[in-house]
Amino acid sequence: MNRTSLYFIYKCTLLLSAGYICCCCENDSYDDTLIIKPNGRVALPAELSAGISTNFMSSSKAYDTEASWVTGANAIRFVSGDKLYDDSRVSGSAIGGGLGPVHAGHSCGSCHKNAGRTKPTLFTDGGSGNYGFSSMLVYITRKNGAFFQNYGRVLHDQAIYGVKPEGKLKATYAGTEYEFPDGEKYALITPSYEITEWYADSIRPADLNITVRIPLRHVGMGQIMALDLDELQQLAAQSNYPEYGISGKLNYIVERGVKQIGVSGNKAQHADLTVELGFSSDMGVTSDRYPEEIAEGQAQMMGFSQWGAQISTRDMEDVDLYMQSLGVPARRNVTDKTVLKGEANFYKAKCHLCHTVTLHTRKRGTQLLNGTQLPWLGGQTIHPYSDFLLHDMGKELDDSYVSGLAMGCEWRTTPLWGIGLQEKVNGHSHFLHDGRARNLTEAIMWHGGEGEVSRGIFKKMSKEDRNALITFLNSL
Ligand code: HEC
Ligand code: HEC
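Residue 1 is where the sequence shown starts when you use the working numbering, and the numbers rise one by one after that.
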């Protein structure tokens, strides 16, 4: 232990949660905080994914455990939010009801299992087909981007008893085999989608655009909400590397009449955690903000539809608090030789020009839906491995779906923190917005457009170097 650490132990005024976080509460910044791991050792800076919100967990609960500063009244609200998040809604007007009439999932957790990505049935079962629940969101529009009357943005492939789902998704794949220059083989599968069993037959396939999303991991949602937006704006101004064909841009969106920087969602199409939207649009649970049932205009809604809130704003705030208070898993094996080699390769392949390693949160944390402050989220050095900017990822990943300033080919750099635990947490290794990549290598080999130079460098590496890079990703 060096002298600085000793100094901070001495200065420590507060010992939280069985001594594994020790924090200095003299000013706004927690940057110099000394963090003791459960094994009694001082955490290395590289291990601290999210400052004092870092969790030292690597089990299936690694994404779904509160940060150690969650105590007292916040702990009670965390438990309430966690429960509201995971409990399956049912149809009807009793407490915990309000599901449907049409819906895409029956709880937040049904799609975001353990605050991660529920395994998509897309690959094993070919879509929602006749096989029931899929955990994906299917967005449909006309070719010109307009929504279909009475359908809205999300195709609801589930429904309560007595109501018909709006349609079912059928997914088929075309696989192609490729080879790395050293002879190792890999394959990429390209999905194509079709909607079957339409509730109404009024939609011509020729005028239909379908895009499919698998759920995102919730890792670091609180930190994302607390990001220093000035830093992001600087990053957007700097993100211009003509030698590598990279230039990122921020998404700006208008929500509730206010123009804001988008940070969450696959196209950075949201500025908040979309709790109200999740309940309304994904599950059909109405609220004061969205008092009308989804699919209201459909004739079959008559008799089912009712106005009014099926979940209270207070309850939704608890869900918001729950997501924002989740700890971020610490990195593992940071001094392992292969991991260090893989980390060097990550920089060599220019991955860091989009998957930005270090960012900061703004001074005073963030506010919940109704203004609750979480000061612990403020003043932190964090390692999200994302610039939260939009990049043109090439023709093959173009879904022709526009969100705010994001064009079809543009996607937000996916934060990679916690990615190495996805298999443990969710039991699968599907990646990218639609889950088409079946492992990390495939995810990299899908990088086109601004990601093409990176992919090329990765492709030319020796097998050993590629494997080291993958081992590094698994340490995140
Ligand atoms: C039917 C499955 C489904 C349900 C139910 C669902 N989600 Fe999601 N969620 C998704 C998918 C798919 C995405 C990615 C959407 C995109 O970017 O287009 C997502 C994205 C998100 C994001 C953005 C995450 C990020 O990293 O940027 C948040 C936050 C979120 N969901 C919260 C919720 C909450 C809260 C609920 C419950 C009220 C909920 N979700 C219910 C499937 C679902
Ligand atoms: C030009 C910017 C850019 C560069 C350079 C880049 N990425 Fe990405 N990366 C993205 C974007 C954008 C996505 C999301 C694409 C999607 O979902 O369709 C992504 C997605 C990923 C994913 C999937 C994450 C998930 O959870 O679904 C992995 C893994 C990944 N990148 C690793 C890498 C590695 C390793 C490198 C270097 C070899 C790299 N990336 C270089 C922008 C970039």
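The C-beta atom is built at its ideal place from N, Cα and C for all residues, glycine as well.
Where residue i falls: helix, strand or coil (DSSP)
| i | result |
| --- | --- |
| alanine 159 | strand |
| isoleucine 444 | helix |
| asparagine 150 | coil |
| alanine 50 | strand |
| isoleucine 294 | coil |
| proline 329 | strand |
| valine 521 | Given that the chain is displayed from residue 1 to residue 476, the structure contains no residue 521 and the question cannot be resolved. |
| leucine 476 | coil |
| valine 79 | helix |
| valine 275 | helix |
| glycine 105 | coil |
| alanine 237 | helix |
| alanine 309 | coil |
| alanine 62 | coil |
| leucine 469 | helix |
| alanine 437 | strand |
| leucine 44 | coil |
| leucine 34 | strand |
Own chain residues within Cβ distance below 6 Å of residue i, not counting five before or after
| i | result |
| --- | --- |
| glutamine 310 | Gly98, Val285, Thr286 |
| glutamate 47 | Ala330, Arg331, Val334 |
| glycine 126 | Ala171 |
| aspartate 465 | Asn345 |
| aspartate 282 | Ala104, Gly105 |
| glutamate 450 | Gly245, Ile246, His391, Asp392 |
| aspartate 336 | none |
| tyrosine 178 | Tyr186 |
Residue range of the beta strand (DSSP E) that includes residue i
| i | result |
| --- | --- |
| valine 138 | 137-142 |
| glutamate 255 | 251-255 |
| tyrosine 479 | This structure does not reach residue 479, given that the chain is present from 1 up to 476, and the question cannot be answered. |
| asparagine 209 | 208-213 |
| valine 479 | There is simply no residue 479 to check, as the chain begins at 1 and stops at 476 in what is shown. |
| glycine 262 | 258-262 |
| lysine 341 | Counting along the chain, lysine 341 falls outside any beta strand (DSSP E), though it belongs to the alpha helix (DSSP H) covering 337-348. |
| tyrosine 244 | Premise fails: tyrosine 244 is in no beta strand (DSSP E) and is neither H nor E. |
| lysine 168 | 168-179 |
Closer than 8 Å to chain D by CB, residue i
| i | result |
| --- | --- |
| arginine 362 | Judged by its chain identifiers, the structure shown contains no chain D, having just a single protein chain. |
Between the CA atoms of residue j and residue i - distance to the nearest angstrom
| i | j | result |
| --- | --- | --- |
| glycine 378 | alanine 50 | 11 Å |
| serine 59 | glutamate 66 | 14 Å |
| isoleucine 261 | glutamine 223 | 15 Å |
| threonine 54 | lysine 143 | 44 Å |
| phenylalanine 78 | glutamate 317 | 10 Å |
| phenylalanine 180 | lysine 170 | 32 Å |
| threonine 211 | lysine 363 | 38 Å |
| glutamine 269 | glycine 308 | 27 Å |
| glutamate 442 | cysteine 351 | 15 Å |
| threonine 196 | lysine 168 | 5 Å |
| alanine 271 | asparagine 240 | 24 Å |
| leucine 473 | glycine 81 | 31 Å |
| lysine 164 | glycine 371 | 39 Å |
| glycine 248 | isoleucine 160 | 43 Å |
| arginine 314 | valine 453 | 48 Å |
| serine 264 | alanine 349 | 26 Å |
| phenylalanine 147 | threonine 141 | 5 Å |
| tyrosine 63 | phenylalanine 133 | 23 Å |
| leucine 321 | asparagine 74 | 8 Å |
8 Å Cβ shell around residue i - same chain, five flanking residues per side excluded
| i | result |
| --- | --- |
| valine 357 | His383, Tyr385 |
| glycine 448 | Met393, Gly394, Lys395, Glu396, Leu397, Arg455 |
| asparagine 266 | Arg213, Leu216, Trp411, Arg412, Thr414, His433 |
| methionine 323 | Gly81, Tyr85, Ala115, His218, Met221, Gly222, Leu273, Val275 |
7 Å Cβ shell around residue i - same chain, five flanking residues per side excluded
| i | result |
| --- | --- |
| methionine 477 | What the structure shows of the chain is the stretch from 1 to 476, and residue 477 is not part of that stretch, so it cannot be assessed. |
| asparagine 57 | The sequence shown places methionine at residue 57, rather than the asparagine named in the question. Here the set comprises Thr65, Pro329. |
| histidine 112 | Thr118, Pro215, His218 |
| threonine 176 | Ala187, Leu188 |
| glycine 152 | Ile294, Ala295 |
| glutamate 243 | none |
| threonine 381 | Asp31, Gly51, Thr358, His360 |
| asparagine 439 | Ser429 |
| arginine 41 | none |
| valine 90 | Gly96, Gly97, Leu99 |
| glutamate 194 | Lys170 |
Span of the alpha helix (DSSP H), counted from its first residue to its last, around residue i
| i | result |
| --- | --- |
| threonine 124 | 122-125 |
| methionine 57 | Methionine 57 -> no alpha helix (DSSP H), and no H or E assigned at all. |
| glycine 222 | 221-225 |
- At which residue ranges does the region 353-432 contain complete alpha helix (DSSP H) runs of 4 or more residues, listed in the order of the chain? 422-426
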